[in-house]
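Residue numbers (this note's numbering): 264 to 569.
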């Protein structure tokens, strides 16, 4: 698996470094051919420089090697400062693939500095192509979609060894465990995640899927009985609701949605809008781009607003 992901990307030891005129080409121009390089022109006597420096260094470190920072003391490198037409400091330039691509003059709020660094990291990432982690996640997603839950879970697990809070891998592994009916393991895994990870929409959707899967265990063996009740009484909404629950857990999602829509067409308010609320959970578990979510939402809207 490590061969699939490759060596975990490490933050370079020299992600932040001091440079000078003789080393400017190597440290900035040449280095920027691989990764965006931010150049901070500063001086020891400059108050705003002292404010900017620690904040931009923090943002660069948080980028984990996607961007580098080179600091140039203009007092010690006056010729270089003149060549770069530095008239006021702090002055910040960003280089990528050998040329300046962005920059600003003066101290900036931390939020704007983070956006500046994130924007550069995105530009660099798009130009250099997907990372090994991204490639691994793509393969895992394909394996999960193809029903190869063992292979998918192995890849997601390896990604999490490299990046423990990778939300795509967390959601993917949880979905694998659910698909393999390892509900207790999925519950324990999700409950062990940090609060910030649990806020991710993909992880939250996996948790909803787990909730629904656990609920369906109580009704999955009653499907023939529930169908018989509905055949005897089409307005047996409790039977339809339980059947939808069981069907969704068994992977028969389209019929599960249809059963809830059937309730809503006759009685929207039944059991404090239980059918509508359950549909919303179905949609969350499937994800906003799933074709069944899209068609189900259209049908739900036509019922509610007719």
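No residue lacks a Cβ here, since even glycine has one placed at the ideal position from N, Cα and C.
Cutting at 6 Å between CB atoms, please list the residues of its own chain near residue i, excluding the five before and the five after it.
i	result
residue 519	507, 510 and 511
residue 482	505, 508 and 509
residue 270	The predicted model places residue 270 with a pLDDT of 45, which falls under 50 and marks its position as unreliable; any figure quoted below should be read in that light. Here the set comprises nothing.
residue 383	299, 330 and 357
residue 368	351 and 354
residue 370	311, 314 and 315
residue 426	none
residue 449	437, 440, 441 and 473
residue 338	306
residue 406	414 and 415
To which residues of the same chain is residue i closer than 8 Å at the C-beta, ignoring the five residues directly before and after it?
i	result
residue 387	298, 299, 329, 330 and 359
residue 471	544, 547 and 548
residue 488	none
residue 423	429, 432, 433 and 436
Going by CA-CA distance only, name the one from the options that's closest to residue i.
i	options	result
residue 336	347, 351 and 305	305
residue 374	497, 409 and 318	318
residue 376	496, 314 and 562	314
residue 532	567, 346, 429 and 453	567
residue 437	473, 421 and 503	473
residue 301	339, 353, 418 and 522	353
residue 466	429, 485, 283 and 284	429
residue 398	372, 427 and 431	431
residue 247	403, 475 and 450	An answer regarding residue 247 cannot be provided, because it is not within the stretch 264 to 569 covered by the chain.
residue 413	528, 513 and 442	442
residue 502	513, 514, 526 and 480	526
residue 296	320, 539 and 362	362
residue 421	396, 448, 364 and 444	396
residue 440	294, 458, 528 and 469	469
residue 535	500, 492 and 495	500
residue 345	495, 454, 418 and 284	284
residue 291	558, 486 and 333	333
residue 523	563, 490, 288 and 452	563
residue 444	495, 513 and 419	513
residue 529	486, 281, 498 and 338	498
residue 539	560, 552 and 288	560
residue 464	493, 289 and 551	551
residue 340	461, 281 and 400	281
Which residue comes first and which comes last in the beta strand (DSSP E) that contains residue i?
i	result
residue 280	279-282
Alpha helix (DSSP H) containing residue i: first to last residue?
i	result
residue 556	554-567
residue 397	395-408
residue 431	430-442
residue 418	412-425
residue 451	446-454
residue 458	458-461
Looking only at its own chain, which residues have a Cβ that is under 7 Å from the Cβ of residue i, when we skip the five neighbours before and after it?
i	result
residue 380	322, 323, 326 and 330
residue 477	446
residue 555	516, 517, 520 and 549
residue 486	506 and 509
residue 277	none
residue 288	none
Does any residue of chain C have a CB that is nearer than 8 Å to the CB of residue i?
i	result
residue 552	The question asks about chain C, but that chain is absent: this structure has only one protein chain.
Requested in this report: Write down every uninterrupted run of the alpha helix (DSSP H) in the region 306-377 whose length is 4 residues or greater and which is fully enclosed by it, in chain order.
Outcome: 310-325 and 341-346, all fully within the region 306-377.
Any alpha helix (DSSP H) of 4 or more consecutive residues that is wholly inside the region 466-542: Counting whole runs of 4 or more residues, the region 466-542 contains the alpha helix (DSSP H) stretches 486-495, 500-512 and 516-529.
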